[in-house]
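One structure is given below, encoded as structure tokens.
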Amino acid sequence: MDQQQRANGGHRVTIVEIARMCGVSVQTVSRVINQRPDVSPETRAAVEAAIERVGFQPSAVARSLVQRRSYTLGVIAAGLRYFGVAQTLNGITAESEASGYALLLKEIASSGQVDIMPEIALLMAHRVEGIIFAAPDLGADLAEVRARLPRASPPIVFLKSDPSAAFSTILIDNHAGAREATRHLLSLGCRRIGHLAGPLTWHEARDRHSGWLDTLREAGQTPGPVQVGDWTSASGASAFEAMLLADPEMDGVFAANDQMALGVLSVANRRGIAVPNELALVGFDGIEEGAQFTPSLTTVRQPLRELGRLAVRELIETAEPGPDGAPVRALTLAPELVIRESAPAARADDAP
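Numbering (my numbering) for the sequence shown: 20 to 371.
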């Protein structure tokens, strides 16, 4: 695009030059760019042809000044170093760029209770047209957040559940994913299934823990040992050592993310525990590295980039509502069990 715009004399083509090329005023070109109706069809066609010919694009600043809009979305996020958050942000970024919006990112702490109102106020001061909240629960009461917002506040989409239905939400069904992982371990004949949980300040970790626990109880199985890690492979390794001390006969592990599952694999390899013959293992996330390990990691793959993309679409739809306004919606995405070597498909004669 820049090459086309600079082709004429090596400089960037401006709206003034477009007007000269077409023999019309700058105001007329501006009306065409901003889809104003008060331009004749012939003039509109000529201006659009000139714009297409030179590859002209109006600047975002000019567009926002003309339309009195910022074309900027705010994102409040925590734990940017973690796979799930990073992949979700990739989806948010890609969809924002495709839709012509800039992003303003504000990172908050990923542990402890945080008052998110100052972060919202900061983004509002930058005239964002909507906010995506992509962070752990942190104890925020969303009904209270709604009550404290000024009437002219931008729409907010939360990537978590909201029992109060005060905001639109989009989330991945972590509980269902954990149930699928645990059912798969049961189908392999595992009867002493432990759980390596993530930090329970994260709603994702709590939902995965409850999915594991509910499935075992429904199957009439006694839950195996539980240890909590911090999402890292190192914490997974040390937590798995503690789980082995608590139950040396444990024959299955559901890890709340793939990084911690890889820590389990490293300890199993060092101790000579055969995976999956002596211990079946399922992770959660779907990181690419999981397929490269020996044995390759069975996991629950999350549609994280799609989560980010949908959040942007929902926010833009809410920020640019139709005549009936924008309803508060709750959208849920389903994860997918990816079967690999660490917990292979059950044979017919292995099924419980």
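We put the CB at the ideal spot given by N, CA and C, even for glycine. Owing to the predicted nature of the structure, the values given are computational and were not obtained by experimental measurement.
Distance check between Arg146 and each of Pro173, Phe102, Met279 places Pro173 closest, using alpha-carbon atoms only.
Around the beta-carbon of Thr313, fewer than 16 other beta-carbon atoms lie within 10 Å, marking it exposed. Per DSSP, reduced to three states, the secondary structure at Asp249 is coil, with no helix or strand assignment.
Membership of Phe273 in any alpha helix (DSSP H) is not indicated; the residue belongs instead to the beta strand (DSSP E) covering 271-274.
Under the 10 Å beta carbon count, Gln321 is surrounded by 16 or more other beta carbons and is classified as buried. In the structure shown, Ile95 adopts extended strand secondary structure according to DSSP, grouped into three states. Residues of the same chain with a CB within less than 7 Å of the CB of Asn109, apart from the 5 flanking positions on each side, are Arg324, Gly327 in chain order. Between Val247 and Thr201, the alpha-carbon positions lie close to 17 Å from each other.
Contact check between the region 96-110 and the region 161-169: fewer than three CB pairs, one atom from each, fall below 8 Å, which does not count as touching. Phe273 sits close to Trp231, with the two beta carbons spaced by under 8 Å. Judged by beta-carbon spacing, Phe75 lies beyond the 8 Å limit of Val35, meaning their Cβ atoms are not closer than that value. Checking the DSSP bridge columns, you'll see Phe177 partnered with Phe152, Thr188. Pairing Arg210 with Gln240 gives a Cβ-Cβ distance under 8 Å.
According to DSSP, residue pairing for Ala299 in a beta bridge involves Gly271. With respect to Asp226, His203 sits apart: the two C-beta atoms are not nearer than 8 Å.
Following the DSSP letters along the chain, one finds Thr318 inside the beta strand (DSSP E) bounded by residues 318-320. For Glu360, there is no enclosing alpha helix (DSSP H), as DSSP gives it neither H nor E. DSSP places Thr220 in the coil class of the three-state scheme, outside both helix and strand. Here Ile139 carries a helix assignment [DSSP, helix/strand/coil].
With a 10 Å radius around the Cβ and a threshold of 16 neighbouring Cβ atoms, Met136 comes out exposed. The region 265-283 and the region 298-307 touch, with three or more beta-carbon pairs separated by less than 8 Å. DSSP places His214 within a strand segment (E or B) once states are collapsed to three. About 5 Å separates the CB atoms of Ser187 and Arg348; that is less than 8 Å, so the two are in contact. Its Cα nearest to that of Glu126, the residue Ala97 stands out among Ala97, Phe152, Ile151.
Closest option to Phe102, judged by alpha-carbon separation, among Thr351, Ala185, Met279: Met279.
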